[in-house]
Amino acid sequence: MSVYRRKSGRWAVRVDVDRDASGRRRRRALGTFATRKEAERAEREALFTKDRGVDLSPRYVTVAELLSRYLRDRANRCGAKTLQEYERIAARYVLPRLGAMLLAKVRPAHIAEWQAAIGKKGGRDESAISPKTVYHARALLYGALRWAVKMQLLAANPCAAVDPPTIRRSEAKALRSDEIARLFEAAAPTRWGPFVALAFALGARRGELLALRWPNIDLERRTVVIEASLSQTKSGVSRKGTKTDRVRTVPLSPLALDAIRRQRALQAQDKLVAGPAYVDQGFVFADALGSHISPMAATNAYARLARKAGISSTRLHDTRHTAATTLLVSGVDARTTAGILGHASPIVTMSTYAHLLDEAQREGVERLGAAIERCTQRDGRQS
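What follows is the structure in structure tokens.
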């Protein structure tokens, strides 16, 4: 570090930051000060922050540098697919407008202007984007700025002073009974028939179904253990824990048991046809040579079947919504439903399917009223 006086009479401070890949020393200027005393104080503060591992000059950190550091930190705390989505949001919505801005100069007004700008022209060809997309972009920036406060790069989070955009929670889509029947009819002749049936029978997530291995299934106890998930990113398919990192055991219905038996028979046929080329990796749902099936392949296959069946939705995730809807409408309580679906808590279930719970409450009250009326009418006749 060094403190020196410029020709202008102001005092400047330069500090050693670190070394580059070739071992050469890198230095950074902390700015200029009116007096030597102020410059020396800045030098002492830089030494103090360097000892704590904090950036020597927070006021020279840009939003782009902050996001880079934040995402490196998040890499150890979230899945590869989530990290990839963070990187996409940062590249598309945050960096083009705020990336070059010095972190120390970001104010709530800048955040508000940025939110409004990407809402109107944040899409491709400067088209408008939905409030939900703006919400996700803001959430990433909010998290990065909150991390900056923890790292003492900022005194306060400017994002906290700006209200997020209002978004309407979309109601979960559930298929009608006739649509389920048409879908099963379309899937039955294909190798995806057992997969579609088990998706409805368990209400499991796509990756959880594809990660199932035969040891997870106990036909005697009629249970399945859901303990992992397959995730797909640009770099390929990987195995990870469930979304909540919890292992759950779910009972198997007759529909599920039938699907599993059909899948076992299908695999036996695949092994016979492929011969030595078949490499059994233990997956319940595998391709014709025993390898795992990618999540995107399952999504695309389901969409093709849904279009063939002529149903109202082609989203594979709607099999999960249909299972949840059927459970709740049938009178299964939110806690039990959450356990089957693998929600973190019944609160998640209740918030996602609040419209169904309202209908169930209305139906329950009507049943209660009818029961009381029957009691009073019977008592009236007896008297």
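All residue numbers for the sequence shown refer to my numbering, where the first residue is 1480 and numbers rise by one. All C-beta atoms, glycine included, are put in the ideal place defined by N, C-alpha and C. Predicted model, so just to flag it, every value in this text is computed and none were measured.
| DSSP three-state assignment for I1646, whether helix, strand or coil | Coil.
| Exposure of V1726, with buried meaning 16 or more beta-carbon neighbours within 10 Å | Burial call: exposed.
| task | Return no unless some Cβ of chain D is closer than 7 Å to the Cβ of G1761. | result | Included in the structure is just one protein chain, with no chain D present.
| request: Return the CA-CA distance between S1487 and T1511, expressed in angstroms with no decimal places. | output: Their Cα atoms are separated by approximately 10 Å.
| message | Taking 7 Å as the threshold (C-beta atoms), are I1819 and V1729 in contact? | response | Remark: C-beta atoms of V1729 and I1819 approach each other more closely than 7 Å.
| Apart from the five residues just before and just after D1737, which ones in its own chain have a Cβ nearer than 8 Å to its Cβ? | In chain order, A1676 place their CB closer than 8 Å to the CB of D1737, counting only its own chain and leaving out the 5 sequence neighbours on each side.
| Bridge partners - P1730, DSSP secondary structure assignment | P1730 is bridged to T1702.
| For Q1760, the nearest candidate out of L1691, V1811 and R1701 (CA to CA) | The shortest Cα separation from Q1760 among L1691, V1811 and R1701 belongs to L1691.
| field | 7 Å Cβ cutoff met for V1482 and V1492 | value | With contacts defined as CB atoms closer than 7 Å, V1482 and V1492 qualify as a contacting pair.
| Using the beta-carbon count (16 or more within 10 Å), is L1847 buried or exposed? | So L1847 counts as exposed.
| query | In angstroms, rounded to a whole number, what distance separates the CA positions of A1500 and F1764? | reply | Confidence is the limiting factor: at A1500 the pLDDT is only 49, short of 50, which leaves the residue's position unreliable and the question unanswerable from this model.
| Is C1638 closer than 7 Å to L1624 when the C-beta atoms are compared? | Yes, Cβ-Cβ distance for L1624 and C1638 is below 7 Å.
| request: Decide yes or no for the touch test of the stretch 1706–1721 against the stretch 1678–1691: beta carbon pairs closer than 8 Å, at least 3 of them. | output: Flag = yes, the stretch 1706–1721 and the stretch 1678–1691 touch.
| What is the residue span of the alpha helix (DSSP H) that Q1563 lies within? | Taken as a continuous stretch (DSSP letters only), the alpha helix (DSSP H) holding Q1563 covers A1559 to I1568.
| query | Taking the continuous alpha helix (DSSP H) assigned at Q1711, which residues delimit it? | reply | Annotation: Q1711 is outside any alpha helix (DSSP H); the continuous beta strand (DSSP E) that includes it extends over S1708 to T1712.
| message | Let's see if you can read the secondary structure: which residues bound the alpha helix (DSSP H) around G1686? | response | Where G1686 is concerned, the enclosing alpha helix (DSSP H) stretches over R1685 to L1689.
| query | Which word fits E1699, buried or exposed, when buried means at least 16 other C-beta atoms lie within 10 angstroms of its C-beta? | reply | It is exposed - the Cβ of E1699 has fewer than 16 other Cβ atoms within 10 Å.
| query | If K1713 sits next to Q1563, beta carbons under 8 Å apart, how far is it from one beta carbon to the other, in whole angstroms? | reply | K1713 to Q1563, Cβ: 6 Å. Contact.
| task | Work out the CA separation of E1566 and I1608 for me, nearest whole Å. | result | Spanning the alpha carbons of I1608 and E1566 requires a straight line of approximately 18 Å.
| query | Nearest to F1762 by alpha carbon, out of A1747, L1751 and G1754? | reply | Considering only alpha carbons, the answer is A1747.
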